[in-house]
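FYI, the numbering for the sequence shown is -26 to -1, 1 to 858, going by mature numbering (1 follows the signal peptide of the UniProt record, and there is no 0).
Don't be surprised by glycine CBs; every beta carbon is placed ideally from N, CA and C.
Model, not experiment: these values are computed from the prediction.
Okay, structure first, notes after.
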Amino acid sequence: MRLTAACRRTLLASVATLGFALPAQAQTASEEQAQAANPPAPPSDANAGGEIIVTATKRASRVQDVPFSINAQTQGDIQRANATTIEDISRNVAGLTVQNLGPGQSQVSVRGVSAGQIVRDQPGVKEQVGVYLDESVVSLSLFTPDFDLFDLNRVETLRGPQGTLFGSGSVGGTIRYITNQPKIGVTEGEIEANINTVAEEDVGYHLKGALNLPLGPTAAIRVVGYGTHYAGFIDAIGPAAGNNVNDGSRAGARISILWQPIPELKITPRYVHQEVHADGFNRAEIYNFYSNQFTTTAPRLGERQQYLLLREKFKDKTRLADLTASYDFGGAELTSVTSYINRDILVSRDASALTGSVYVSFAGLTPAAAAAARLPSNLVDTTGVEQWTQEVRLSSSDNGPFQWVLGGFYSNVDRTYTQRLPTPGSDPFGQIFLNAAAPGVLIAQTRNGFPADSPYNADIPYKIKQKALFGEASYDLGQVKVTAGGRFYDFKETRDFISGGIFANGDRNIGDRTKSNGFTPRGIVTWEPNRNLSVNLQAAKGFRLGGVNDPLNLPLCTGGETGPDARTFGGRKTYKDETLWNYEAGLKFSRGPVTFNAAAFYNDIKNLQVTADAGSCSSRVVFNVPKAHAKGVEAEFNLRAAEGFSLSFAGSITDAKFDSSVLATDDPSTPTVNEAQPIAGIRDGNRLPTVPRYQFAASATYGARLTDTMEMYGTASVQRVGNRFTQPGDQEAGVARIGNALFYDLGTNVYGSGVNDVGTFRLPAYTLVNLSTGLDFDNGFGVQLYINNLFDKTPLLSLDRERGARARIGYNIGQPRTIGLTMRYKFRDEPVAVAPPPPPPPPPPPPGIPATQTCSDGSVILAIDACPVPPPPPPPPAPAPERG
């Protein structure tokens, strides 16, 4: 459609109000082809059988032609599902699971490859799924940024290890957010507004906009901005009581410029800025040191409630600048990707229950310990990250049978993690704690340069460098195609660890180092008897880098330096690289209205890195499990059953288990009282954490024209996720029966201990039903009404506990029923092709020269003469007489 100048000025002003005063990313020729084939789709089209083009192999190709298992959720899919996070997307993608650990702290796993919860104070643990924003790697263990999904072209899920092309952190798979790129010669944009209510209590809303403008004949700019207010649904009781304490906001912008001075050269700088803020966490508690079945005056914890002495918060400021440039030499394309990420993250939690339980545990049930237990205590974790990455690759750009890519990668990461536990007025009580735990030690001697009235402090700076060379090539022999590739990598990590306070050891470990190098290959054979069917066989290796364990907080361990916790969990300085071999057989079929993709896989995992809570030490240790596996099947089916009506299904069945146990006797230096007992549930045959045995999603969409200018659509979906465990030890018999559970009643000063039988820490299966309906008008306007979680279920997404469940037991829960209304307006204004003017008539002949004319036989004669008349054609020959 064409847009009037007045309308364009109005839209530009509206977009400007979103704060687009910030600089986003380049597109190579492959990405340009992909986006040309994936234009923004209206919500009712259900892809309409169109081909989805992806760049999972560093070049554009159909999903059906990629020789391994991949899913692509398009912009239309995202809008139909009303998805705002990767967790929303995961429920519609077979084999993709997300463990919700609170705002900005979710963890992704693919195909059951999971080591369980990585908590906020484990900065050295690497991710198992690589996450990319276009060409830039953005994954960071625990704190992978949760980018807004507005104005995305698609989200690609690459299942299985992607070590060859994407490197470390892609041991289970890779997630790629692919944004819409600047378009030369096109003016287009979109504005989206939403209002929603969660559990019929709090109200959320957002306003988002995108605008693409040409900058002359060789350049374009694309600007995206968004602002969202998230409704809360958790209430707090206690001294810091409040309603909807977990509300929050997300705001950001992306600005990218494409400059293409000649057809072969493309240069795109980009700047991305996003800030996420939450006033609390989606934690629903069932037990708290201050409010439980043993207290009498404290209010009872109800559904979707938590107990707070202090308000909590989360902040994440992410800035990404990258520059992508490509040049096509004809037959080969050179691409350079340079990116810089700067992040500042704050996690502020109410640790009063943790600190209070420690005082009561070690100072005894005394009046002094009870007084210390009343002190508000704030656990403040900060993470600062600066990361530079550079990738250069050369790839084939023709359509011949031989395709290849060669490249190099370098990254330099500076990551600083700090932890403080400010507890005003705690030092006098801390001395009482020391008198019991370490007689003769003065509290001033424990500070190690950190402030007073802070029982625990730590500074942990990291420097991580990684270099890699990679390559992959394929040859099409007709019905058979062979692909092979590999990656050489070299990694070095240096870490300092400095701690202080009465709960710490006073460590000053400077220059702890770890390094590794290796090679990860991949081989694929594809049989494609026709355009509709392909069968793929694959063997591929992935890896996750190792690291250095933090020292135990020995003052908090049962029995101190010589007790059973210290003997079980101590002495484990480093942990090794995790490696995985994936063996996979896949089938892809697409013909007419039917698309069916399926795969069976077996992952053989070595040295799986598993985090274990170190007993009562309030520390965490990473163990290498010698053997584990994840095997299963996954399938995705789409049927356009009738005009405007489509059905889809995505599901997976996964069996992921330990194949060996980790016992205290595995390390002769740390024997325990019960040497045969597996540590932290790492037992042969136990399930890997966070992985459901099954997961599926089914949906039905119907769309039809109502008038000449309007169409309607409706979608119904059901999502089912099986039961899971947050940590391996949660499935051990009797683990949920907490002996000597501590309690303190602020109202009566009653304190003591009891037995708390939670029943089970297994996260039960849950089902969500979502409905949406809407109208799309031909003038670009659309309106959508939706209900997510129709039956208001409360899915338990992960277990949240403090100090081994002695201080607090809760669950991070999913969002209750949400009813919302979204309005969108899209426009597109392309240059109108103008027919060239007719050629001018020939000039008259000069004076004195007679005019001429050209006859049909090519002869030139005077204009006053007549052209010769051609002779008539000869008569046809007479037919031959018939033979008798």
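For the beta strand (DSSP E) holding residue i, just list the boundary residues, first then last.
i, result
"phenylalanine 632", "619 to 632"
"isoleucine 152", "147 to 153"
"glycine 606", "594 to 616"
"glutamate 166", "161 to 172"
"glutamate 130", "126 to 133"
"tyrosine 785", "782 to 787"
With H, G and I counted as helix, E and B as strand and the rest as coil, what does DSSP make of residue i?
i, result
"isoleucine 241", "strand"
"valine 665", "coil"
"aspartate 803", "strand"
"isoleucine 472", "strand"
"proline 495", "strand"
"glutamine 701", "coil"
"asparagine 409", "helix"
"valine 112", "coil"
"alanine 840", "coil"
"arginine 546", "coil"
"alanine 343", "helix"
"leucine 107", "strand"
"glutamate 259", "strand"
"glycine 199", "strand"
"phenylalanine 42", "coil"
"arginine 541", "helix"
"tyrosine 430", "coil"
"leucine -5", "Its pLDDT being 34, under 50, leucine -5 is placed unreliably by the model, and the measurement read from it follows with that caveat. If DSSP states are grouped into helix, strand and coil, leucine -5 belongs with coil."
"glutamate 535", "helix"
"leucine 637", "strand"
"aspartate 750", "strand"
"arginine 348", "coil"
"isoleucine 231", "strand"
"valine 99", "coil"
"phenylalanine 303", "coil"
Can you list, in chain order, the residues of its chain with a C-beta nearer than 8 Å to that of residue i? Leave out the 5 residues immediately preceding and following it.
i, result
"glycine 305", "Ser370, Ser371, Asp372"
"tyrosine 200", "Leu(-9), Asp122, Phe124, His180, Leu181, Lys182, Gly183, Arg224, Ala225, Gly226, Ala227"
"serine 626", "Ala68, Gly69, Arg85, Gly606, Val607, Glu608, Ala609, Tyr668, Gln669, Phe670"
Return the chain-ordered list of same chain residues with a C-beta closer than 6 Å to the C-beta of residue i, the five sequence neighbours on each side being excluded.
i, result
"leucine 511", "Val499, Ala559"
"glutamate 130", "Val28, Ala30, Ala46, Arg150"
"alanine 574", "Ala559, Val607"
"valine 162", "This sequence places glutamate at residue 162; valine is not what is there. Counting only Cβ-Cβ distances below 6 Å, and skipping sequence neighbours, we find Asn186, Arg802."
"aspartate 290", "Gly78, Val250, Ile319"
"alanine 210", "Gly216, Val219, Gln280, Leu282"
"leucine 297", "Pro243, Thr312"
Measure from the C-beta of residue i to each C-beta in chain C and report whether the shortest distance is under 9 Å.
i, result
"serine 370", "Absence of chain C from the displayed structure is noted, only one protein chain being present."
As a quick exercise: from the options, pick the residue whose alpha carbon is nearest that of residue i.
i, options, result
"residue 871", "Pro495, Gln361, Gln248, Val105", "Residue 871 falls outside the range modelled here, since the chain spans only -26 to 858, and no answer is possible."
"leucine 181", "Ala227, Ser142, Asn220, Val105", "Ala227"
"tryptophan 555", "Asp704, Ala604, Asn217", "Ala604"
"glutamate 175", "Asn154, Lys157, Val197, Asn217", "Asn217"
"proline 97", "Arg679, Pro495, Thr357, Tyr430", "Thr357"
"threonine 59", "Pro738, Gly788, Asn697, Gly544", "Gly788"
"glycine 663", "Arg698, Ala840, Ser691", "One detail in the question is off: residue 663 reads as proline in this sequence, not glycine. Comparing Cα positions, the closest option is Arg698."
"arginine 469", "Ile434, Gln248, Ile241, Gln693", "Ile434"
"alanine 295", "Pro243, Asp658, Val37, Leu75", "Pro243"
"glycine 330", "Arg518, Leu284, Tyr718, Thr585", "Tyr718"
"glycine 778", "Ala715, Glu61, Tyr760, Val366", "Ala715"
Among all the DSSP beta bridges, which residues are the ones paired with residue i?
i, result
"glutamine 364", "Thr312, Tyr384"
"glutamine 49", "Glutamine 49 pairs with nothing; no bridge assigned."
"leucine 771", "DSSP lists no partner for leucine 771."
"arginine 694", "Phe670, Thr741"
"glutamine 81", "Gln73"
"lysine 437", "Asp388, Thr468"
"valine 584", "Phe597"
"threonine 420", "Paired residues: none, contrary to the question."
Would you say residue i touches the ligand FMN, meaning its beta carbon is less than 8 Å from a heavy atom?
i, result
"valine 366", "Looking at this structure, you won't find the ligand FMN or any other ligand, since it has none at all."
For residue i, which residues of its own chain have a beta-carbon under 7 Å away from its beta-carbon, when the five flanking residues on both sides are left out?
i, result
"alanine 426", "Asp401"
"glutamate 238", "Tyr301, Asp302"
"glutamate 535", "Leu528"
"valine 37", "Ile26, Val28, Ile44, Ala46"
Starting from residue i and walking both ways along the alpha helix (DSSP H), at which residues does that stretch end?
i, result
"phenylalanine 140", "137 to 140"
"serine 64", "60 to 64"
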